[in-house]
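To start, the structure itself, in structure tokens.
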Amino acid sequence: MSWLPIVKKRLFSLVLVVIGVSLITFVISHLIPGDPARLIAGERATPAIVAHIRHQLGLDLPLYEQYWHYLVRLAHGDLGMSIRTHRPVLQDIRAFFPATLELALVALFLATLIGIPLGVLSAVYRNKTVDQVVRTISVTGISTPAFWLGLGLIVVFYGRLGWFPGGGRLDQGLAPPADITGFYLVDSLLTGNIPVFFNALKHIVLPAFTLGFVHLGIVARQIRSAMLEQLGEDYVRTARAFGLSRMTVVVHHALPNALIPSITVLGLALGDLLYGAVLTETVFGWPGMGAYVVESIQALDFPAVMGFAVVVSFVYVLLNLVIDLLYRWIDPRITGVS
Amino acid sequence: MADATMPGQARATPDAVLDVRDLCLEFPVYKGSVKALNGVSLRVGPGEIVGVVGESGSGKSVTAMAALRLLPPGGFTVTGGTLTLLGRDVLAATEKDMRAVRGRDAAMIFQEPLTALNPTKRIGAQLADVILCHQNLTKTQVRDKAVALLRDMYISDPEQILRRYPFELSGGMRQRVMIALAFSCDPRLLIADEPTTALDVTVQRQVLLLLQEKARERGTAVLFITHDMAVVSQFCDRVYVMYAGSVVEQGNTREVMARPRHPYTRGLLQGLPENAPPATVLPSIRGQVPDMAALPRGCAFRDRCDHADDACAVRPALRSLDGDAARKAACWHVLVEEPAP
Amino acid sequence: MAGVSVLVQGSWRDTLSRFAYQLKKSPMTMLGLGIIVVVLAAVAGAGWLAPYDPNQIGLVHRLAPPSAQHWFGTDEVGRDIFSRVLFGGRQSVGVGLFVAFASSIVGSAAGCFSGVMGGRVDSIVMRAMDVVLSVPSLVLTMALAAALGPSLFNAMLAITIVRIPFYVRLARGQTLGIREMAYVKAARTFGATRRHIVSWHIARNALSPIIVQTTLDIGNAILMAAALGFIGLGAQQPTAEWGAMVATGRNYLLDQWWYTVFPGFAILITAMGFNLLGDGVRDMLDPRLKVK
Numbered sequence: 089m090s091w092l093p094i095v096k097k098r099l100f101s102l103v104l105v106v107i108g109v110s111l112i113t114f115v116i117s118h119l120i121p122g123d124p125a126r127l128i129a130g131e132r133a134t135p136a137i138v139a140h141i142r143h144q145l146g147l148d149l150p151l152y153e154q155y156w157h158y159l160v161r162l163a164h165g166d167l168g169m170s171i172r173t174h175r176p177v178l179q180d181i182r183a184f185f186p187a188t189l190e191l192a193l194v195a196l197f198l199a200t201l202i203g204i205p206l207g208v209l210s211a212v213y214r215n216k217t218v219d220q221v222v223r224t225i226s227v228t229g230i231s232t233p234a235f236w237l238g239l240g241l242i243v244v245f246y247g248r249l250g251w252f253p254g255g256g257r258l259d260q261g262l263a264p265p266a267d268i269t270g271f272y273l274v275d276s277l278l279t280g281n282i283p284v285f286f287n288a289l290k291h292i293v294l295p296a297f298t299l300g301f302v303h304l305g306i307v308a309r310q311i312r313s314a315m316l317e318q319l320g321e322d323y324v325r326t327a328r329a330f331g332l333s334r335m336t337v338v339v340h341h342a343l344p345n346a347l348i349p350s351i352t353v354l355g356l357a358l359g360d361l362l363y364g365a366v367l368t369e370t371v372f373g374w375p376g377m378g379a380y381v382v383e384s385i386q387a388l389d390f391p392a393v394m395g396f397a398v399v400v401s402f403v404y405v406l407l408n409l410v411i412d413l414l415y416r417w418i419d420p421r422i423t424g425v426s
Numbered sequence: 089m090a091d092a093t094m095p096g097q098a099r100a101t102p103d104a105v106l107d108v109r110d111l112c113l114e115f116p117v118y119k120g121s122v123k124a125l126n127g128v129s130l131r132v133g134p135g136e137i138v139g140v141v142g143e144s145g146s147g148k149s150v151t152a153m154a155a156l157r158l159l160p161p162g163g164f165t166v167t168g169g170t171l172t173l174l175g176r177d178v179l180a181a182t183e184k185d186m187r188a189v190r191g192r193d194a195a196m197i198f199q200e201p202l203t204a205l206n207p208t209k210r211i212g213a214q215l216a217d218v219i220l221c222h223q224n225l226t227k228t229q230v231r232d233k234a235v236a237l238l239r240d241m242y243i244s245d246p247e248q249i250l251r252r253y254p255f256e257l258s259g260g261m262r263q264r265v266m267i268a269l270a271f272s273c274d275p276r277l278l279i280a281d282e283p284t285t286a287l288d289v290t291v292q293r294q295v296l297l298l299l300q301e302k303a304r305e306r307g308t309a310v311l312f313i314t315h316d317m318a319v320v321s322q323f324c325d326r327v328y329v330m331y332a333g334s335v336v337e338q339g340n341t342r343e344v345m346a347r348p349r350h351p352y353t354r355g356l357l358q359g360l361p362e363n364a365p366p367a368t369v370l371p372s373i374r375g376q377v378p379d380m381a382a383l384p385r386g387c388a389f390r391d392r393c394d395h396a397d398d399a400c401a402v403r404p405a406l407r408s409l410d411g412d413a414a415r416k417a418a419c420w421h422v423l424v425e426e427p428a429p
Numbered sequence: 089m090a091g092v093s094v095l096v097q098g099s100w101r102d103t104l105s106r107f108a109y110q111l112k113k114s115p116m117t118m119l120g121l122g123i124i125v126v127v128l129a130a131v132a133g134a135g136w137l138a139p140y141d142p143n144q145i146g147l148v149h150r151l152a153p154p155s156a157q158h159w160f161g162t163d164e165v166g167r168d169i170f171s172r173v174l175f176g177g178r179q180s181v182g183v184g185l186f187v188a189f190a191s192s193i194v195g196s197a198a199g200c201f202s203g204v205m206g207g208r209v210d211s212i213v214m215r216a217m218d219v220v221l222s223v224p225s226l227v228l229t230m231a232l233a234a235a236l237g238p239s240l241f242n243a244m245l246a247i248t249i250v251r252i253p254f255y256v257r258l259a260r261g262q263t264l265g266i267r268e269m270a271y272v273k274a275a276r277t278f279g280a281t282r283r284h285i286v287s288w289h290i291a292r293n294a295l296s297p298i299i300v301q302t303t304l305d306i307g308n309a310i311l312m313a314a315a316l317g318f319i320g321l322g323a324q325q326p327t328a329e330w331g332a333m334v335a336t337g338r339n340y341l342l343d344q345w346w347y348t349v350f351p352g353f354a355i356l357i358t359a360m361g362f363n364l365l366g367d368g369v370r371d372m373l374d375p376r377l378k379v380k
């Protein structure tokens, strides 16, 4: 049972992290000047109403007590109420999460589909033209501000060429498919709703590409680095010494071994994509968690921001756990005796 | 398999399995280049076990890698000489030609068997890869052949081993697997680059005996690279002693061991525990190996030699001793024959 | 932790000439260096290079497309975008450099301290850093910047603070590695002068990942600052700031594309220059990637 200790360790981490994150965001949200009670009550409220609301929200209690109450509620899964939308934060997040996840997954898919072969080519033809080209693409990818790229793509592919829509998940007026997974692409296929499928697909292309472009660079670099390390290993030399062709050595020997440590990076990329979607969603009007949190920040809606931070950190630690387990399962050296 | 015709076979010295002549090889580094091989000549005949001895940096491994064209392309330049492997010109061959030769006509095994095998692939899969690369057999045939090979290497329960991963085997076992791999396609030449250096002393002898036995059995020639004179004296028919990129002495092993004619060889032999009187400090050659990027003009061994003089400012050529073409040394002051210490 | 690095032998002059040699071998690093030089010169010399005052309003030619008079066109109140990009660079590049160096220095010092102290202090510090690092940095930075109030200084502060834990962890790891190194233990048996030399080499070896990371961070900091500017945190109007310009340009996106494209392109090029340089520095200092 080699995985039990790590599961325990991660779960412990999870609790610590959630507490820590909540503490940090709690502290941050109390840095702001201004009175949340007044914000909620509105401009025309009388002092009595404001005081009433303040009392209701427990804002008149000392800070540490407020924090304690927050933690208790957190333990019950209550993330508080959004000042902006007047709904429970958890409900908001649950509503918007699938959209972000769908976008992140498609972006990750694109990034790995293109990034892995590029990384391999780059490593195999190290320092030749191919390598320089791929490295240029990689560096451009990680240097590009996603929000600007998104806007640029909208200008070209929507404004000038009209090939893709300029925002949103579906055309106005089209009803979303039945909510089974929350992923429009999956749900529309599951319900046999082909027109909606293609419409959703058209809408996801530009934002996924924008998001994915940055990570394309990261993936390609990671694979390149891992491949270079593998190609320098002795077993590659042995394989070559026994006459195996370049292609065989690269694809059947080096690449699988390079992918093992890369899983960590790729998995983390998913985490990055989840919250990196923040600005891309804003630009494309994509109704996901990212757009939600940006609007919350701009409105100083800190319960929402705190809720988002806690949820994402939670997901991040869980993701790390899954990656660790996956890694252990895949690498026979760690799995143990066959 | 033993007499498979290869294009370009009708050349000079058709009986030499490996024929290196005056090979000069260098690779560029920061501020100049390193002369890794400075006019190296050696020859391996069919069925012979030939040893190449030298310290690290002497060029012995480079020679071995060059024989199979395994040096990283673009990382080195051949500035002179020829290299003929089984009748074909290695330096002019295409990569495709070389791939056909590697593993089939000539095989190489390396020092560290753990890293030499793919850590995430089972032994059986790795054996199959090599066998299938050069022979067209069915899956069952491949498996049977792999089992037979392992059994031939005195590995008990070969079916089990096929399913194991490299890290699950001991060092000695891994090296046996490597040897099995090497013999899988019945090569005419086996190049062994320090195959036992990374093993326990007790296991070393077993592996060496195995290698010797199987090579003799199949008539495979062996080019044995090592820094260990003791090993050479026990297993090699002939030996070449290399220093700083050139051969400084060569000849029949027994001869060279008993009567070394080059000061360097003498120094190496004196440093062996079995040659020194008991309870004395082992003598070692004073000084250090020269910087390969800046070799001195004359004899490379000059600064460390007790017999050096002005004549050594000119690099000595490898000359026959006592009229014996196979017995050579590169020294102006070839040592007078002395009785064995 | 890496063992002996390329820099172990030789003096500073030797290191510099090695640096120049490797620089010549890598055209992309040279490109990065070139870009940085051009950008820094343009930004520092904005006062002389800018054809117009960046805040000068001219409603007559508002939203004008790129032309000979206005290379990058004009914005919604007629200000010359080229001049604004030049001056805006001061914000972005300044923030990038400041953040990278400040977070690196403060974080490394703290990490070193933690590593040397060991024991309980070390454990607590590391746990705290782990927690902070598990919050997605973009969100944390935005939240912090928002809480502190929108201004350039607060944005800089927020980005720096969020980045520090990374260096704390890195430096602490290096510190621990140093303690364990075989040749440190051996150094204790040497005489005083040799020990001094060995320590100097150890310090240099340990510093290289930190140096590499700092250089790479400059580009990231610039992007982060632009992101903050984009959502309205960071330098406030009328000060020109690249991210904010992209955001405002968004309102005129389809017809007046130049408003968004040029400032954003400036962000891209600048970040790319620093990233290329950072990559080059990493390739030079990381011996593991060398061909065997």
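So the protein sequences, as listed, match chains E, H and L. Numbers given in my numbering equal positions in the first sequence, counted from 1, plus 88. Numbers given in my numbering equal positions in the second sequence, counted from 1, plus 88. Numbers given in my numbering equal positions in the third sequence, counted from 1, plus 88. By construction, the Cβ of each residue, glycine as well, lies at the ideal position given by its N, Cα and C atoms. On a predicted model such as this, the values are computed, not experimentally measured, just so you know.
(message) So, with DSSP's three-state summary, where would you put Ser-408 (chain H)?
(response) Residue state for Ser-408 (chain H) is assigned as strand, using DSSP reduced to three classes.
Open item on the list: Taking 6 Å as the limit between beta carbons, can you name the residues of its chain near Leu-206 (chain E), skipping five residues before and five after?
Closed with: Excluding the 5 residues flanking it on each side, Leu-206 (chain E) has same chain C-beta neighbours closer than 6 Å at Val-222 and Ala-308, in chain order.
>> Can you pull the chain E neighbours of Pro-283 (chain H), defined as C-beta to C-beta under 8 Å?
In response: Here the premise fails: no neighbours, minimum Cβ distance about 12 Å.
#### Entry: Those residues which DSSP pairs with Gln-338 (chain H) across a bridge
Note: Gln-338 (chain H) sits in a beta bridge opposite H:Tyr-328 and H:Lys-416.
At least one CB of chain E closer than 7 Å to the CB of Arg-306 (chain H): is that the case?
-> Arg-306 (chain H) does not count as touching chain E.
Q. Arg-328 (chain E) bridges to which residues according to DSSP?
A. Bridge pairing for Arg-328 (chain E): absent [DSSP].
Cutoff 7 Å; reference Val-371 (chain E); Cβ partners in own chain excluding five residues on either side: These residues qualify, in order along the chain: Phe-235, Gly-238 and Leu-239.
CA-to-CA distance, Leu-406 (chain E) to Val-95 (chain E), given in whole angstroms:
Val-95 (chain E) and Leu-406 (chain E) have their C-alpha atoms spaced approximately 10 Å apart.
| Cβ pair Val-194 (chain E), Ala-296 (chain E) closer than 7 Å | Against a cut-off of 7 Å, the Cβ pair of Ala-296 (chain E) and Val-194 (chain E) comes out as a contact.
Pairwise C-alpha distance: Pro-378 (chain H) and Gly-142 (chain H) = Whole-angstrom Cα-Cα distance: 14 Å.
Among the candidates E:Gln-179, E:Gly-331 and E:Thr-113, whose CA atom is the shortest distance from the CA of Leu-215 (chain H)? Taking only the C-alpha atoms, the option nearest Leu-215 (chain H) is E:Gly-331.
Between Thr-117 (chain L) and chain E, is there a C-beta pair that is closer than 7 Å? Cβ-Cβ to chain E under 7 Å: no for Thr-117 (chain L).
**OP:** Can you tell me which of the three DSSP states Pro-186 (chain E) falls into?
**Re:** It is helical.
Notebook entry, point to check: Just to confirm, are Lys-123 (chain H) and Leu-383 (chain H) a CB contact at a threshold of 7 Å?
Noted result: Less than 7 Å separates the beta-carbon of Lys-123 (chain H) from that of Leu-383 (chain H).
query: Is the distance from the Cβ of Asn-363 (chain L) to the Cβ of Val-227 (chain E) below 7 Å?
result: Cβ distance < 7 Å, so Asn-363 (chain L) and Val-227 (chain E) count as in contact.
Rounded to a whole number of angstroms, what is the C-alpha to C-alpha distance between Ala-90 (chain L) and Thr-348 (chain L)?
Interpretation of Ala-90 (chain L) is limited by its pLDDT of 35, a score under 50 that renders its predicted location unreliable; the figure taken from the coordinates is listed afterwards. Straight through space, the alpha carbons of Thr-348 (chain L) and Ala-90 (chain L) are spaced by roughly 44 Å.
- Since Val-223 (chain L) meets chain C, which of its residues come closer than 7 Å, beta carbon to beta carbon? In the structure shown, chain C does not exist; the protein chains are E, H and L.
List, in chain order, every chain E residue whose beta-carbon is nearer than 8 Å to that of Asn-363 (chain L). Within chain E, the residues near Asn-363 (chain L) are Val-227, Ile-230 and Ser-231.
query: With distances taken between CB atoms, is the gap from Gly-322 (chain L) to Leu-240 (chain L) smaller than 7 Å?
result: Cβ atoms of Gly-322 (chain L) and Leu-240 (chain L): closer than 7 Å.
Residues of its chain near Arg-190 (chain H), where Cβ-Cβ distance is below 6 Å and the 5 sequence neighbours each way are ignored: Closer than 6 Å at Cβ, skipping near neighbours: Leu-156.
**Message:** Suppose contacts are defined by Cβ-Cβ distances below 7 Å. Is Gly-355 (chain H) in contact with Leu-370 (chain H) by that definition?
**Reply:** Cβ atoms of Gly-355 (chain H) and Leu-370 (chain H): not closer than 7 Å.
Closest to Val-177 (chain E) by CA distance: which of E:Gly-270, E:Val-399 and E:Leu-189 is it?
Nearest of E:Gly-270, E:Val-399 and E:Leu-189 to Val-177 (chain E), Cα basis: E:Val-399.
Check your understanding: Taking only beta-carbon atoms, is Met-230 (chain L) less than 7 Å away from chain E?
Key -> Using beta-carbon distances, Met-230 (chain L) counts as an interface residue toward chain E, with a partner under 7 Å.
Only counting the same chain, and skipping five residues up and downstream in sequence, which positions put a Cβ closer than 7 Å to that of Gly-166 (chain L)? Ile-145, Gly-146, Leu-147, Val-148, His-149 and Arg-150, listed in sequence order.
Show which residues of chain E have a CB atom less than 7 Å away from the CB atom of Val-219 (chain L). Annotation: Cβ neighbours of Val-219 (chain L) in chain E (cutoff 7 Å, chain order): Leu-104, Val-105, Gly-108 and Val-109.
- Which residues in the same chain as Gly-260 (chain H) place their Cβ atom closer than 8 Å to its Cβ, once the five residues preceding and following it in sequence are excluded? The residues Leu-287, Asp-288, Val-291, Gln-294 and Val-295, in chain order, have a CB closer than 8 Å to that of Gly-260 (chain H) in the same chain once the five nearest residues on each side in sequence are set aside.
Discussion item. I'd like to know whether the C-beta of Gly-163 (chain H) is nearer than 7 Å to at least one C-beta of chain E.
Written reply: Gly-163 (chain H) does not count as touching chain E.
Is there a C-beta anywhere in chain E that falls below 7 Å from the one on Asn-224 (chain H)? Using a CB distance cut-off of 7 Å, Asn-224 (chain H) does not count as an interface residue toward chain E.
- Item | CA-to-CA distance, Thr-327 (chain L) to Arg-267 (chain L), given in whole angstroms | So the alpha carbons of these two residues sit roughly 49 Å apart.
**Message:** Taking the straight line between their C-alpha atoms, what separation do you get for Arg-347 (chain H) and Trp-420 (chain H)?
**Reply:** Using only the alpha carbons, I get a separation of about 17 Å.
Original post:
Three-state secondary structure (DSSP) at Gly-250 (chain E)?
Top reply: DSSP places Gly-250 (chain E) in coil when its eight states are reduced to three.
Beta carbons nearer than 7 Å to chain E: which residues of the segment 152 to 180 of chain L have them?
Within the segment 152 to 180 of chain L, no residue places its CB atom closer than 7 Å to a CB of chain E.
field: N- and C-terminal bounds of the alpha helix (DSSP H) containing Cys-400 (chain H)
entry: For Cys-400 (chain H), no alpha helix (DSSP H) run applies, since DSSP gives it neither H nor E.
Next on the checklist: If contacts are defined as beta-carbon pairs under 8 Å, then Gly-332 (chain H) and Ser-146 (chain H) qualify, I think. What distance do you get, rounded to the angstrom?
Outcome noted: Correcting the residue type first, residue 332 (chain H) is Ala in the shown sequence and not Gly. 6 Å between Cβ atoms; contact.
Helix or strand or just coil, what does DSSP make of Cys-273 (chain H)? Reduced to three states, the DSSP call for Cys-273 (chain H) is coil.
Using three-state DSSP, classify Leu-319 (chain E) as helix, strand or coil.
In the structure shown, Leu-319 (chain E) sits in a helix (DSSP, three-state: H, G or I).
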